[in-house]
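J.: Input: one structure, supplied below.
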């Protein structure tokens, strides 16, 4: 497709796509894990300062 | 990315209406802002990336570089972002040390892995572009070496952010070292003017008009916009993750204190 340069162009795009996809997936997974951890702590009765003050 | 939107159970307090931009120093209000603007950022990033890639693959081959000009549309935005992210981290470092803004350290920590990733991409795509054009994967010239130093600085800052447990000590240490490392940014920018390098001088950000045909300039600018939007999207998401990490830490400390008291 890109002639003699395909061995340079295709890896450039594949590596860029992989790094960007990796960043997105990692960020989303961290968010889901942390949100789940907070919900678990709240379920166990642990409250944040503002919640205590509201009571 | 759609899964990022909803977090009603733990974000219910985010509906507080702030009076000014400065009120977003409150992490809870900032989370509310992120929830509101993130979908728009995600959409803009996807659309601009799609348009940029379409324009890049529609551009003609360069008369000297042939099809390898396609690598430029990845390499140059990544290199710009590598420097821009570090500049944002340096402003955040000032926010920590001078204004003591509560979100400044959050911003710095969230930006560091993104800056490292963009720097890594600039180095890899530059190497893949250099081999067919220069005949070598790497040379120790001032531009390439200073960008490699930037990558090492990013990795060092990430390691430091995980090494110090006490948040206020970690924030100050990160801010000071980030500001010291900023000296590398003008060195990267002007290395091609100050020293004799294999890397070419600036083609776009010049005082006179860009030394590039519009057939390549427009796709490059759209790709740069897409990379910039991608950074801000991931930065907002990363800041949200960092705020949640601090909440978890605080809740766990409360549990430990209660356990000690009983």
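Residue numbers (the numbering used here), protein chains in the order written: chain A, 1 to 55; chain B, 1001 to 1262.
Heads up, the beta-carbon is just placed ideally off N, CA and C, and yes, glycines get one too.
Please read these numbers as outputs of a predicted model, since none were measured by experiment.
From the DSSP output, in three-state form, read off residue 1062(B) for me.
T.: Three-state result, residue 1062(B): strand.
J.: Determine the direct distance from the alpha carbon of residue 1148(B) to that of residue 1182(B), and round the result to whole angstroms.
T.: Computed Cα separation, rounded: 14 Å.
J.: Could you name the residues of chain A that residue 1058(B) contacts, counting a contact when the two beta carbons are closer than 7 Å?
T.: Ordered by position in chain A, no residue passes the 7 Å Cβ test against residue 1058(B), which lies about 14 Å from the chain.
J.: Using a Cβ-Cβ cut-off of 7 Å (strictly less than) and excluding sequence neighbours within five positions of residue 1116(B), which residues of its own chain qualify?
T.: Excluding sequence neighbours, residue 1116(B) sits near 1151, 1154, 1155 and 1158.
J.: Which residues, in chain order, does the segment 13 to 27 of chain A contribute to contact with chain B at a C-beta distance below 9 Å?
T.: Cβ contacts with chain B: 13, 15, 16, 19, 20, 22, 23, 24, 26 and 27.
J.: Residue 1240(B) and residue 1034(B) look like a contact to me (Cβ under 8 Å); what is the Cβ gap, rounded to whole Å?
T.: Between residue 1034(B) and residue 1240(B) the Cβ distance is about 5 Å, and since that is below 8 Å, they are a contact.
J.: Please classify residue 1087(B): is it buried, with 16 or more other beta-carbons within 10 angstroms of its beta-carbon, or exposed?
T.: Exposed is the call here.
J.: State the Cα-Cα distance for the pair residue 1113(B) and residue 1082(B), rounded to the nearest angstrom.
T.: Computed Cα separation, rounded: 11 Å.
J.: Touching or not, the segment 1228 to 1245 of chain B and the segment 1042 to 1062 of chain B, by the rule of three or more beta carbon pairs under 8 Å?
T.: Enough Cβ pairs lie closer than 8 Å, so yes.
J.: Between residue 1202(B) and residue 1077(B), is the Cβ-Cβ spacing less than 7 Å?
T.: No. Outside cutoff.
J.: How many Å lie between residue 1133(B) and residue 2(A) at the Cα?
T.: Taking the straight line from one Cα to the other gives about 15 Å.
J.: Closest Cβ-Cβ distance between residue 37(A) and chain B: below 7 Å?
T.: Yes, contact with chain B.
J.: Strictly under 7 Å for the Cβ-Cβ distance: is residue 1248(B) near chain A by that measure?
T.: Judged by the 7 Å Cβ criterion, residue 1248(B) is in contact with chain A.
J.: To the nearest angstrom, report how far apart residue 1175(B) and residue 1105(B) are at their CA atoms.
T.: In a straight line, the C-alpha of residue 1175(B) is about 8 Å away from that of residue 1105(B).
J.: Express the C-alpha separation of residue 1249(B) and residue 1166(B) in angstroms, rounding to a whole number.
T.: So the two alpha carbons sit approximately 11 Å from each other.
J.: Let me make sure I understand the geometry here. Which of 1260(B), 1261(B) and 1254(B) has the alpha-carbon closest to that of residue 44(A)?
T.: Of the listed residues, the one whose Cα sits closest to residue 44(A) is 1254(B).
J.: Report whether the distance from the Cβ of residue 15(A) to the nearest heavy atom of the ligand MN is below 6 Å.
T.: With respect to small molecules bound, the structure shown includes none, and the ligand MN cannot be examined in it.
J.: Give me the residue from 1127(B), 1052(B), 1243(B) and 1251(B) with the minimum Cα distance to residue 1108(B).
T.: Of 1127(B), 1052(B), 1243(B) and 1251(B), the residue nearest in Cα terms is 1243(B).
J.: Spatial neighbours of residue 1110(B) within its chain, please: C-beta separation below 6 Å, excluding the five flanking residues on both sides.
T.: Closer than 6 Å at the Cβ level, and outside the excluded window around residue 1110(B), lie 1235, 1238, 1239 and 1242.
J.: Verify the CB distance criterion: does residue 9(A) have a CB-CB separation below 7 Å to chain B?
T.: Yes, residue 9(A) lies at the interface with chain B (some Cβ there is under 7 Å from its Cβ).
J.: DSSP three-state call for residue 1195(B): helix, strand or coil?
T.: Three-state result, residue 1195(B): coil.
J.: Does DSSP put residue 1027(B) in a helix, in a strand, or in coil?
T.: Three-state DSSP puts residue 1027(B) in a helix.
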